[in-house]
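Take a look at the structure below.
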Amino acid sequence: MLFGDNGIDATLSWNVVGALFGYLGFLFSVFAVMEVRSLSNRYFAKQRLPEFKKQLEKITKSMTSLSSSKLGDLRTERFMSETAVVIRQITKTKVSGFSEVTKKAETFHSEVQAKLRDESSSDEIANDLIPYWNLFSALNELADEIDAYDKGAQASL
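Read in order, the letters of the sequence shown are residues 3 to 159 in my numbering.
Right under this line is the structure:
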């Protein structure tokens with residue numbers, strides 16, 4: 003006898019079946035939550051990424067027009083703070099393809115910020131600063147990644 007002197011009765015069978023169905027229900031619920039989270043992340047990205055791309059293009063235009071300025075003059079420009087905000091917002095969209103590019107952009111942004119804080123480099127021209135152009139390149143790459151993501155999202159519909 004499997005369960006001692008008592009045989010398998012209908013109550014025990016229904017308890018086992020109920021437990022299995024409860025477990026399956028739990029698995030389906032977990033799957034549904036994961037899918038809802040994925041859909042909400044994609045919706046958030048679809049809504050916000052076009053605006054982020056416009057902001058990135060505006061920042062890169064500002065960087066191009068101010069490239070002949072001295073670093074001391076760039077300290078008062080808004081594009082450096084806007085850059086940090088846009089990079090953080092793009093990171094919040096949770097698009098896995100952007101993580102490498104956003105990390106590069108954050109690194110280059112930190113390097114440019116360090117140069118801007120350095121009093122001894124205030125007479126340097128931004129055009130001569132390698133991290134400045136690295137940041138410019140990373141922001142352009144990020145705008146291209148956003149464009150490619152949008153095209154991929156449109157194709158998958």
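Glycine residues also receive a C-beta, built at the ideal position from the N, C-alpha and C atoms.
Nothing here was measured: the structure is a model prediction, and the numbers come from that model.
(message) For Met36, count the other beta carbons within 10 Å of its own beta carbon; 16 or more makes it buried, fewer makes it exposed. Which is it?
(response) Here residue 36 refers to the residue found at position 34 when the sequence shown is read from its first residue. So Met36 ends up on the exposed side.
(request) Along the alpha helix (DSSP H) that carries Gly74, what are the first and last residues, could you check? (result) Walking along the sequence shown from the start, residue 74 turns up at place 72. First-last of the alpha helix (DSSP H) with Gly74: 73 to 76.
(message) Using C-beta distances below 7 Å, list every residue in its chain close to Ile148, excluding the 5 sequence neighbours before and after it, in chain order.
(response) Your numbering for residue 148 matches position 146 in the sequence shown. Answer for Ile148: Leu51, Phe54, Lys55, listed in chain order.
(request) Output the distance between the C-alpha atoms of Val19 and Leu29, rounded to the nearest integer angstrom. (result) Taking the first residue of the sequence shown as 1, we reach residue 19 at position 17. Taking the first residue of the sequence shown as 1, we reach residue 29 at position 27. Their Cα atoms are separated by approximately 15 Å.
(request) May I ask you to report which of helix, strand or coil DSSP gives Val18? (result) Here residue 18 refers to the residue found at position 16 of the sequence shown. In the structure shown, Val18 sits in a helix (DSSP, three-state: H, G or I).
(message) Going by C-alpha to C-alpha distance, which of Ser101, Leu141, Ser124 sits closest to Phe81?
(response) For the purposes of this step, residue 81 is taken as the residue at position 79 of the sequence shown. Ranking the options by Cα distance to Phe81, first place goes to Leu141.
(request) Going by CA-CA distance only, name the one from Ala128, Leu14, Tyr151, Ser15 that's closest to Lys72. (result) For the purposes of this step, residue 72 is identified with residue 70 of the sequence shown, where counting begins at 1. The residue with the shortest Cα to Cα distance from Lys72 is Ala128.
(message) Give me the residue from Glu126, Val103, Trp135 with the minimum Cα distance to Ser146.
(response) If you number the sequence shown from 1, residue 146 lands on position 144. Checking the sequence shown, residue 146 turns out to be Asp, not Ser. Cα-wise, what sits closest to Asp146 is Val103.
(request) Measure the C-alpha to C-alpha separation of Lys63 and Ser70 and round it to an integer number of angstroms. (result) Here residue 63 is taken as the residue at index 61 of the sequence shown, counted from 1. Here residue 70 is taken as the residue at index 68 of the sequence shown, counted from 1. CA-CA distance, Lys63 to Ser70, rounds to 13 Å.
(request) Measure the C-alpha to C-alpha separation of Ser122 and Thr78 and round it to an integer number of angstroms. (result) Mapped onto the sequence shown, residue 122 falls at position 120. Mapped onto the sequence shown, residue 78 falls at position 76. Distance between the alpha carbons of Ser122 and Thr78 is about 17 Å.
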